[in-house]
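Engineer:
Protein chains: 4
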Amino acid sequence: MPERIGFIGIGRMGQPMAANLVRKGFDVTTIAHRRPEPAQALEALGARIAPSLASLVADCSVVIACLPSSTEVETAVLGPGGMLEAGRPGSVFIDMGTSRPASTRMLAERLRERDIAMLDAPITGGTRGAREGTLTIYVGGAPDDLARVRPVLEAMGQTIVHMGGSGTGHVIKLLNNALSLSSMALLAELLPLGVRAGLEPQRMIEGLAAGTGATNQIPGRGSRILKREFEAAFQIVLAHKDLRLAQELAQEHNLPTPVAAGAYLSFTLARGLGLEGEDTVALVKVFERIAGVEVKSP
Amino acid sequence: MPERIGFIGIGRMGQPMAANLVRKGFDVTTIAHRRPEPAQALEALGARIAPSLASLVADCSVVIACLPSSTEVETAVLGPGGMLEAGRPGSVFIDMGTSRPASTRMLAERLRERDIAMLDAPITGGTRGAREGTLTIYVGGAPDDLARVRPVLEAMGQTIVHMGGSGTGHVIKLLNNALSLSSMALLAELLPLGVRAGLEPQRMIEGLAAGTGATNQIPGRGSRILKREFEAAFQIVLAHKDLRLAQELAQEHNLPTPVAAGAYLSFTLARGLGLEGEDTVALVKVFERIAGVEVKSP
Amino acid sequence: MPERIGFIGIGRMGQPMAANLVRKGFDVTTIAHRRPEPAQALEALGARIAPSLASLVADCSVVIACLPSSTEVETAVLGPGGMLEAGRPGSVFIDMGTSRPASTRMLAERLRERDIAMLDAPITGGTRGAREGTLTIYVGGAPDDLARVRPVLEAMGQTIVHMGGSGTGHVIKLLNNALSLSSMALLAELLPLGVRAGLEPQRMIEGLAAGTGATNQIPGRGSRILKREFEAAFQIVLAHKDLRLAQELAQEHNLPTPVAAGAYLSFTLARGLGLEGEDTVALVKVFERIAGVEVKSP
Amino acid sequence: MPERIGFIGIGRMGQPMAANLVRKGFDVTTIAHRRPEPAQALEALGARIAPSLASLVADCSVVIACLPSSTEVETAVLGPGGMLEAGRPGSVFIDMGTSRPASTRMLAERLRERDIAMLDAPITGGTRGAREGTLTIYVGGAPDDLARVRPVLEAMGQTIVHMGGSGTGHVIKLLNNALSLSSMALLAELLPLGVRAGLEPQRMIEGLAAGTGATNQIPGRGSRILKREFEAAFQIVLAHKDLRLAQELAQEHNLPTPVAAGAYLSFTLARGLGLEGEDTVALVKVFERIAGVEVKSP
């Protein structure tokens, strides 16, 4: 009997991911949130719309959540009509958002009482990866549960990496984002410094792209900054939240993170100075303002 | 008339670079420093050995310095028998080390008085790049002077990037190293955190290499850490010096660098805790010790 | 009818505070924890010992908790036999520890349902202040509730400062400790620097005590360092916890704290490098080790 | 034969200090700088005005400099008509500004060649201390030289603290300012946090003044912030410079300073965000802006 997929959280990332599931022939049920349009678009592709969370979780053998934070996931699991109260024994709950590992482990334990498996399966690759089905998916949880839902995950992502037990998917996601966002924060502080110290912006980006300090993202981010393309693919307010989760993880283990702490500070400044709704590359504006220069193409 | 090349500073990087010049047919003169062996090895390949700095600079039309810091470069230019006192008018002085941009501009100005051109041409690519002639060379100075010595530089490096006026080569080098070393510092603090939070080391490195936070160096550095390969290719004490120069550059311009400052702190700790002679990847040991775990292959 | 005081948490601070209450004629009931001696000593002074938490809270009109963290307070309030389950309607619960303000507000709200008032009344002044009854007590909660228990608090402290509504006592306590511990962290990093830069330790302390940077604690802390008196009055592991709470408060409000974050990092290092059980003044050892000097009397 | 005092640098601090010397009967010669008024005011009290630096240093047995930074002091000593060229053998040069210790030691050594003694004698106590002659003066240099000029220093300051050899006065001054300014930076970041977390500003200051975290300056600085008194007694741009010198001292010795580095960052932000001309207490505005609150009296 084929799996019946429930999909909760059809925002900027979740909607195209659910669409890929429908297009690849999965039986998908979703639920409308604030605005009706995203659910209607999925319905047009062939998805069902459930009248309530309780009915969605009661009807589905695999429930996927793509929600903003642990708070919303905890509500979907522990709240009224949620997975714990109304979910099906024998089903699998998959949290594809960026949650707190300690919360993930707690939820997995609670769901186990009702014979519901839980996987954490956070994603990386941005809205483009979500649309094109090329996401990297980090998975924490039992190997058997992953084997069972692997075809479902492969409909949404290209690379599935099993990290270990419950919560390890969320841990690696936080490390990945700390790496990626700290690199962004470094660029944001160094580029205006380079301009103040006499470098021509375009050549500076080319020079960095040719050096040992280059990252996967330097030419891309650098060229967006040069062209002043700051519309949000990944908002500063969300990046700030991810870095805060990484700080909390380090605090939980009483470990120092001098570099990631610096990046967290920079995003906190950006958020406090009114850039919260812009893309992470707009972090450079904080440092441009202090330096009194702009990093842009001639 | 072909250029006559003088090469000062034949250490871990300079020696293989000079050897490449000799092998590619350039007329190279060098000078022995502490130990006679590096100069003798070059002599065996066909280089000359000058009896003194004064005679080297007096005889050569292109003088290349590959020295540890601005202090040594200033001595080679301003000191007794140095470039300013004994160099040939019409010659070119090339500083291929990682120097302070303000010192570089000062030296270029002083040399101009005696009709000697100066280029800053720092390198990136490590000892392997030096041996194989695949370095990236960042150049600051006048386009005509670069055109004149370009064949010389191409004998040592694969990519020559002209950044702008005097000192800009050294500026981009500091930015590149700040990027590269801050990435190293991030890895050093995040990997032990990942292990403490339950990740298996090998899978953690694979996971990060598959994510958006990956850099040019993640699989390489990660695998060296997993195999505990800490012999020095780039010593912590030198990396620390480069990060200090980047901090000084930011201080000179009154700009904040929260992330690079965190990396500078980490390298300062490593240096103070006895790791100064090990490779930069050994920075992880500081955080392993605090975390009470090791990031190594099973 | 006089108040009947229940006192939970008779450790290094709580025991002498409870003793002061007994000596000043209050009717005090306590409960033994791990070791029987502290409770027996209070019994010898005239206190009662309750057989269980439930019986203590059921019998007392004012219950004082002097516990290590919010976790223990939450257990005492929400756990089996705790204040919520077994406490007397009309009674007052006073948390004199250093707790998380958000937890405090949550507990106050829960207790209100059962007509139990809650005050947060954290203390500052150390074990000496506890013994001598000279503590400063910061109070958060309703003015009427404070008025009712003021005589009780005055038996333990000299200065009672009402800060505002529920949780505000804990907020000011976190700010106070962030100030005090960051000052300690500053001393710890600056004194070894001064010695390395050529200052004689004793004169350095005298010089700082005479300057504008002096704090309430400079001659005291400085002289303990000079005499190498590191036995714990306030352990590094507890100071580290307080600074973490201050960091969490800032994170909750998305605010940057560059200085307190630096102090938190230093205490994290000290904790990770094996100094967790020593007094906060022992933080200097981290920096002495890096500097290769000792700050001590000739 | 009484000393003849030359006084260079009659700005906000130097002018009232020189005036105290004149009033107490010393024979004082000064020199006009940008504006004629400060020198004219001293002349009206009884000072002479020298036509040039060279004539001032040639005529005086004690030359006092109260200049903004090492750059100006180096010019006064090493520049044309300066102390080295035109000063009197057997005279004493006193640098009362906040200079780089390494520069101080270098200048002392150079002057010794010409049999001129040098003392570093930086001051703390603000413009009010300068007017009222109640400054604390930290002295580095030989005891005999200090003994000789002690009466001169006592005319300007109340407390004279001999720290050790040349440069030690400047070292302790940097430590003192790092302590004082980092305390200011802490207040600046914590007060808006307290307000956001629910504290009433006035009571918050009173609470902190009663606690263990209080400093010499908390009630004073706190009350200036509450009353929004930000006119400059000690400008942010100068405070920023002093913290940079402390950072440079730590860098010179390869030592970490996590707390002072945080304070340096905060002042760098303040300077870059347009507050450079305001008093150090205005640093709070950076954090108020991010927090969206003001710390002011009701």
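Chains as they are written, first to last, in our numbering: chain A, 364 to 661; chain B, 364 to 661; chain C, 364 to 661; chain D, 364 to 661.
Ideal Cβ positions, reconstructed from N, Cα and C, are used throughout, including at glycine.
Compute the Euclidean distance between the alpha carbons of P431/C and H616/A, then round it to the nearest angstrom.
Structural biologist: So the two alpha carbons sit approximately 18 Å from each other.
Engineer: Contact check, H525/A vs L509/A under 8 Å by CB: the rounded distance?
Structural biologist: About 6 Å separates the two Cβ atoms, so the contact holds.
Engineer: Apart from the five residues just before and just after L638/A, which ones in its own chain have a Cβ nearer than 8 Å to its Cβ?
Structural biologist: Cβ neighbours of L638/A beyond the five flanking positions: I599, A645, L646, K648 and V649.
Engineer: Who does Q610/D pair with in a DSSP beta bridge?
Structural biologist: Q610/D is not bridged to any residue.
Engineer: For E569/C, decide whether its Cβ has a neighbour in chain A, counting only Cβ atoms nearer than 9 Å.
Structural biologist: Chain A contact via Cβ: absent.
Engineer: Mind checking which residues open and close the beta strand (DSSP E) that includes Q521/C?
Structural biologist: Taken as a continuous stretch (DSSP letters only), the beta strand (DSSP E) holding Q521/C covers G520 to G527.
Engineer: Based on Cα-Cα distance, which residue from G585/B, F456/B and R451/B lies nearest to A572/B?
Structural biologist: If we check each option's Cα against that of A572/B, G585/B comes out closest.
Engineer: Chain D beta carbons: is any one of them nearer than 9 Å to that of A518/B?
Structural biologist: No, its Cβ sits nowhere closer than 9 Å to a Cβ of chain D.
Engineer: Among N579/C, T578/C and H533/C, which residue has its Cα nearest to the Cα of M567/D?
Structural biologist: It is H533/C whose Cα lies nearest to the Cα of M567/D.
Engineer: For a contact meaning CB atoms closer than 8 Å, what does R634/C contact in chain A?
Structural biologist: Residues of chain A passing the Cβ test: N617.
Engineer: Determine, for N539/D, whether the minimum Cβ-Cβ distance to residues of chain C falls below 9 Å.
Structural biologist: So yes, N539/D belongs to the interface.
Engineer: Does E651/A pass the burial test, meaning 16 or more other C-beta atoms within 10 Å, or should it be called exposed?
Structural biologist: Per the 10 Å Cβ criterion, buried.
Engineer: Quick one: what does DSSP say T575/A is sitting in, helix, strand or coil?
Structural biologist: In the structure shown, T575/A sits in coil (DSSP, three-state: anything other than H, G, I, E or B).
Engineer: In angstroms with no decimal places, state the Cα-to-Cα distance between G561/C and A484/D.
Structural biologist: C-alpha separation (whole angstroms): 16 Å.
Engineer: On the three-state DSSP scale, how would you describe G369/D?
Structural biologist: G369/D falls in the strand class under three-state DSSP.
Engineer: Quick one: what's got a C-beta closer than 7 Å to I535/B's C-beta in the same chain, skipping five residues either side?
Structural biologist: So the qualifying residues of the chain are Y501 and M526.
Engineer: For my contact list, T487/C and G489/D are in at a C-beta cut-off of 8 Å; report their separation, rounded to the angstrom.
Structural biologist: That belief does not hold up - the Cβ atoms of T487/C and G489/D are roughly 29 Å apart, past 8 Å.
Engineer: Can you list, in chain order, the residues of the region 545 to 558 of chain A whose Cβ is nearer than 9 Å to any Cβ on chain G?
Structural biologist: Given the protein chain composition of this structure (A, B, C and D), no chain G is represented.
Engineer: In chain order, what residues of the same chain lie with their CB nearer than 7 Å to the CB of S529/C, ignoring the 5 residues before and after it?
Structural biologist: T467, R468, A471, M481, D483, G503 and G504.
Engineer: I'd like to confirm the pairing. Which residues does DSSP put opposite M481/D in its beta bridges?
Structural biologist: F456/D, per the DSSP bridge assignment.
Engineer: Since L498/B is in the beta strand (DSSP E), which residue starts that stretch and which ends it?
Structural biologist: Counting along the chain, the beta strand (DSSP E) containing L498/B begins and ends at L498 to G503.
Engineer: At the level of alpha carbons, what is the spacing between Y627/B and L416/A?
Structural biologist: In a straight line, the C-alpha of Y627/B is about 50 Å away from that of L416/A.
Engineer: According to DSSP, is A407/A part of a helix, a strand, or is it coil?
Structural biologist: Correct three-state label for A407/A: helix.
Engineer: Quick check on the DSSP output: the alpha helix (DSSP H) that includes I427/C runs from which residue to which?
Structural biologist: Counting along the chain, I427/C falls outside any alpha helix (DSSP H), though it belongs to the beta strand (DSSP E) covering V425 to A428.
Engineer: Using the Cβ count rule (16 or more neighbours within 10 Å means buried), how would you classify E400/B?
Structural biologist: Counting Cβ neighbours within 10 Å, E400/B comes out exposed, since fewer than 16 surround it.
Engineer: According to the neighbour-count rule (16 or more other Cβ atoms, all chains shown, within 10 Å of its Cβ), is L408/A buried or exposed?
Structural biologist: By the 10 Å Cβ count, L408/A comes out exposed.
Engineer: Distance, Cα to Cα, L553/D vs F630/D?
Structural biologist: Between L553/D and F630/D, the C-alpha separation is close to 15 Å.
Engineer: Look at the alpha carbon of G453/B and the alpha carbon of D478/B, and state the distance between them as a whole number of angstroms.
Structural biologist: Cα-Cα distance, rounded: 6 Å.
Engineer: Tell me the DSSP bridge mates of I412/D?
Structural biologist: BP columns for I412/D point to T393/D.
Engineer: Is the distance from the Cβ of E366/C to the Cβ of V425/C below 9 Å?
Structural biologist: Yes, the Cβ-Cβ distance between E366/C and V425/C is below 9 Å.
Engineer: If you reduce the DSSP assignment to three classes, tell me which class Q598/C lands in.
Structural biologist: Q598/C falls in the strand class under three-state DSSP.
Engineer: For the putative contact between I653/D and L441/A, defined by C-beta atoms under 8 Å, what is the C-beta separation to the nearest angstrom?
Structural biologist: Not really, about 34 Å apart at Cβ, beyond 8 Å.
Engineer: Are the CB atoms of A613/D and A602/D within a distance shorter than 9 Å?
Structural biologist: Against a cut-off of 9 Å, the Cβ pair of A613/D and A602/D comes out as no contact.
Engineer: Does the beta-carbon of P619/A have 16 or more other beta-carbons within 10 angstroms, so that it is buried, or is it exposed?
Structural biologist: Buried: at least 16 other Cβ atoms inside 10 Å.
Engineer: Tell me, to the nearest whole angstrom, how far the beta carbon of M459/C is from that of A421/C; I am working on the premise that it is less than 8 Å.
Structural biologist: Actually they do not touch by this definition, with Cβ atoms about 21 Å apart.
Engineer: Please check if any C-beta of chain A sits within less than 9 Å of the C-beta of R607/C.
Structural biologist: Yes, because at least one Cβ of chain A sits closer than 9 Å to the Cβ of R607/C.
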